[in-house]
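Working notes, structure below.
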Amino acid sequence: MQEAAQAACPPLVVSHRENNTQRVAALCERAEALGLGHGMGIAEARAMHPGIEVVEADPVADRRLLESLADWCDRYTPLVALDGDDGLFLDITGCAHLFGGEKALLDDILLRLADQGFDARGAIASTPGAAWALAHLASPALIASGEETQALAPLPLAALRLPPQIRAALQGVGLRSVGQLIGAPRAPLARRFGKELLMRLDQALGAIEEAVSPRLPVAPLSVERMLAEPIVTVEAVEALLLPLAASLKGDLERRGEGARLIQLTLFRVDGEVRRFRVGTSRPMRSPDQVVRLLHEKLTAGAEELDSGYGFELIRLSALETARFEAEQTDLAGEGEAEEASLAFLADRVAARLGAQALCRPRPVESHIPERAVAMVSFAAMPAVAAPAPQPAVDAIRPLRLLPHAEPIEVFATEVPEGPPLNFRWRRLVHRVAGAEGPERIAPEWWREPADAPTRDYFRVEDEDGRRYWIYREGLYQAGKPMPRWYMQGIFA
Amino acid sequence: MAKVATARETLLSLRHEIARIEGRLAETLAEPGETASGSMILRRNGRIAEDTLATGADGLDAALGGGVPLAALTEIHAFQTRDAAAASGLALALGALLLRLREKPLLWIGTAEMFREAGFPYAPGLAQGFGIAADRLLVSQAPKLSDALWVAEEAARFPALSAVIVELRGNPRLLDLTATRRLHRRAQEAGRPVFLLRAGAQAEPTAAPVRLVAAPARAAKRRTLLGALDGSIGPPAFRVTVAKSRHSMPAEFTLEWNADERAFHERRSLREHAPDSGAVAALSADRPDQAQAARPVVALRGAA
């Protein structure tokens, strides 16, 4: 995968560090023509041709590029897998007819990649191994099922994805082509060169199955629309969404399911792929609701939808589905519809502001006030909630709890263990007019270190009638540091 | 005679027009000089709907024309951010009263800034102090003011909630007369109140028919069989000022919220309210210094 060098630029060499020297990792055609090669020292190459341009290899960027290419290949099939540093496997089972047959599909991919400036090789075969061999050594090639032996026989051993030491060992005994391996007796080969050799050979010839694991989960249902003319605006995208969602609804109805996670994929003309995901708290089918949820997602971002030169392919997929319970309403038709409308509100809020934007408190069995309640997103709550654990103590608790207990300055307390007479919180001095307490809450020994300080909580009221919940962490003890005071909550 | 009839006709049509604007029945409009009272019945979505939520505090209810409007935007102000607990306590007490009418969740919307400053809603406290169970509460924390307003406007139109509480700080430009009008309109259509809590805000033109100002008030002492318990903090109290109402001049009330009965009590005068413990001078809650109250009275104030 090398980018075609521009004629005006000097020959390009990519260097990487290997055994403490800079060596050539990749090079352009013109550099190759100068007699440079892989693995040559950079110093040597510079000495031979001072005019070459040397850049440092950036494996992370290479990986990113390969992944964006894999994204782009999503248009051909949802099953795209990365292969090493420079290859992609596309499982086109059942996809080729959409592009006019296998030959047309291969030509289309190679042509479009060439247009983008990539020097790509490709092949179609019925096993990943054979396709890999042909793509690397005989591109472009297209062989039918059963022709693997014939097609691979003349190829050198490099066609078999073998580690270099096995390859060198095979060459050492005079085996130089795949054909020679096919003809050789298997048992001695396995004994001498290991199981991997035979496995690779069988994979290439289709004797054993090889699974290609796709890099992205495959959506159970997808509908897409290829556009002759790219579209740019959000409104145009949304106009296309409704028919797509309607056809998705048909598919979902046939399966008796509703979508729980919906993804909109926009393929830009220049190869960039944008994905938008929205989750639903109840299985959903209605096209209107799907479109409105996606509308929130598309318009929520602070930045405009970057459409570049426009989108040429729009795909709507249901990534997760669940059984769709047909709703039966009573004659008054109240409860169900309201619950559903609340779920839809939660979904829209989640699509726009994130799943945590609309939460429900769930009591947790803990005495520590800040742990006694957990906020769970609406979608995570089951429709019929299990009875929540009841709070263990029926003590008085504040209306609002500060996100973090804030340290307060206490000047004097009534008695050493008593409530403060006054305190400073957020730079204001509050004079305590009344106080109740203490309520002692011990640390959870199974969670915290053994010597964690206990907390003594006080309800205090200042002179204006504001009621606060403050606590002292630790005790007044000789030889110990002074306990600290915190403000944790505010009462109504 | 004909002249009188025409005048009456004009008056009637004007009254209908006013009722239409205010979203009420013309018959409930009071005659000039007559106090607005009596039951109001409105039909909403084919069902009879109460127009107001009686708080149970008679003075406040009279000042609001029967109670807090049920299908409207109501503003509750707090002068300072640290008084937000009083404003939210008032709103939640009203929410608790509403929950008795309809068992639907309550949605509390706030900006992240507001929740950071004034505290996050604490479910155990809500359950204990207001009888609002955890599964009856939804909390939406919006990163920005515009997001909070968006959620509020979306939620205001859903009848599946018993009340929407929106909590904001200061006088943001986004929250202008038009924004309050939108909230008010949607609350009217959904037939459900929207409480707009505003901490540290100046009074601005608003579409809300009622604006209350909530401030904290000293709580009375806990009452036991033996009289008031020294050094205790009784049920929460609020000082509520009716700053805008169609039915009265600005008025101030001190309310006490009884969590067990789920009811408001009006504290008319502190002296009258404090129970007489018998022997010594009455221990009244308005005197912060308790030692002073226990001292024998040497001379009356007027004589000194």
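Protein chains in written order, with our numbering: chain A, 1146 to 1637; chain B, 59 to 362.
All residues carry an ideal CB built from backbone N, CA and C; glycine is no exception.
Note that the coordinates shown come from a computational prediction; the quantities given were computed from them, not determined experimentally.
A buried status is given to Lys279 of chain B, since no fewer than 16 other beta-carbon atoms sit within 10 Å of its beta-carbon.
Chain B has no Cβ within less than 9 Å of the Cβ of Leu1464 of chain A.
Listed in chain order, the non-local C-beta contacts of Gly1401 of chain A below 7 Å within the same chain comprise Arg1468 and Phe1469, local neighbours out to five positions each way being set aside. CA-CA distance, Glu1369 of chain A to Leu1439 of chain A, rounds to 15 Å. Exposed is the label assigned to Val1363 of chain A, since fewer than 16 other Cβ atoms lie within 10 Å of its Cβ. Assignment of alpha helix (DSSP H) within the segment 152-199 of chain B, counting only whole runs of 4 or more residues, yields 170-176 and 181-188 in chain order. An exposed status is given to Gln1310 of chain A, since fewer than 16 other beta-carbon atoms sit within 10 Å of its beta-carbon. For Pro230 of chain B, the nearest beta carbon of chain A is not closer than 9 Å to its own beta carbon.
Partner residues in the beta bridge of Trp1614 of chain A, as assigned by DSSP, are A:Arg1604 and A:Gly1634. Straight-line measurement puts the Cα of Val1577 of chain A at about 39 Å from the Cα of Asp234 of chain B. Leaving aside the five residues that flank Leu196 of chain B on each side, the residues in its chain whose CB is nearer than 8 Å to its CB run, in chain order, Pro163, Leu164, Leu165, Trp166 and Leu219. Interface criterion not met: the Cβ of Ile1553 of chain A is under 9 Å from no Cβ in chain B.
If you draw a straight line from the Cα of Asn1567 of chain A to the Cα of Ala295 of chain B, it comes to about 21 Å. The DSSP-derived three-state label of Phe1234 of chain A is strand. Counting along the chain, Trp1217 of chain A sits inside the alpha helix (DSSP H) bounded by residues Pro1204 to Cys1218. For Phe322 of chain B, the enclosing beta strand (DSSP E) starts and ends at Ala321 to Glu324. Residue-level contact check: Arg1585 of chain A does not touch chain B, since none of the beta carbons of chain B fall below 9 Å from its beta carbon.
The C-beta of Val209 of chain B comes closer than 9 Å to at least one C-beta of chain A. In the structure shown, Phe1412 of chain A adopts extended strand secondary structure according to DSSP, grouped into three states.
Contacts with chain A at 9 Å (Cβ-Cβ) do not include Gly114 of chain B. C-alpha of Ser1462 of chain A to C-alpha of Leu1366 of chain A: approximately 6 Å in a straight line.
With contacts defined as CB atoms closer than 9 Å, Leu1305 of chain A and Ala1329 of chain A fail to qualify as a contacting pair. According to the DSSP assignment, Gln1167 of chain A belongs to no alpha helix (DSSP H) but to the beta strand (DSSP E) extending over Thr1166 to Leu1172. Proximity of Ala275 of chain B to chain A, defined by a Cβ-Cβ separation below 9 Å, is satisfied. The alpha carbon of Gln1633 of chain A has as its nearest neighbour, out of A:Gly1579, A:Leu1181, A:Ala1249 and A:Arg1516, the alpha carbon of A:Arg1516. Note: Ser1367 of chain A is bridge-paired with A:Ser1462 in the DSSP secondary-structure output. Partner residues in the beta bridge of Ile1407 of chain A, as assigned by DSSP, are A:Val1423 and A:Ala1463. Proximity of Gly183 of chain B to chain A, defined by a Cβ-Cβ separation below 9 Å, is satisfied.
In the DSSP assignment, the residues bridged to Cys1504 of chain A are A:Ser1522 and B:Val197.
For Ala1268 of chain A, the beta-bridge partners assigned by DSSP are A:Ala1286. Counting the other Cβ atoms within 10 Å of the Cβ of His135 of chain B gives 16 or more, which makes it buried.
A direct Cα-Cα distance of roughly 11 Å separates Ala1500 of chain A from Ala200 of chain B. With a threshold of 16 other beta carbon atoms within 10 Å, Trp1591 of chain A falls short and is exposed. Not a single C-beta of chain B is nearer than 9 Å to the C-beta of Cys1240 of chain A.
When only Cα atoms are considered, Leu1387 of chain A and Val222 of chain B end up about 32 Å apart. Within the DSSP bridge table, the entry for Met1429 of chain A names A:Ala1404 as partners.
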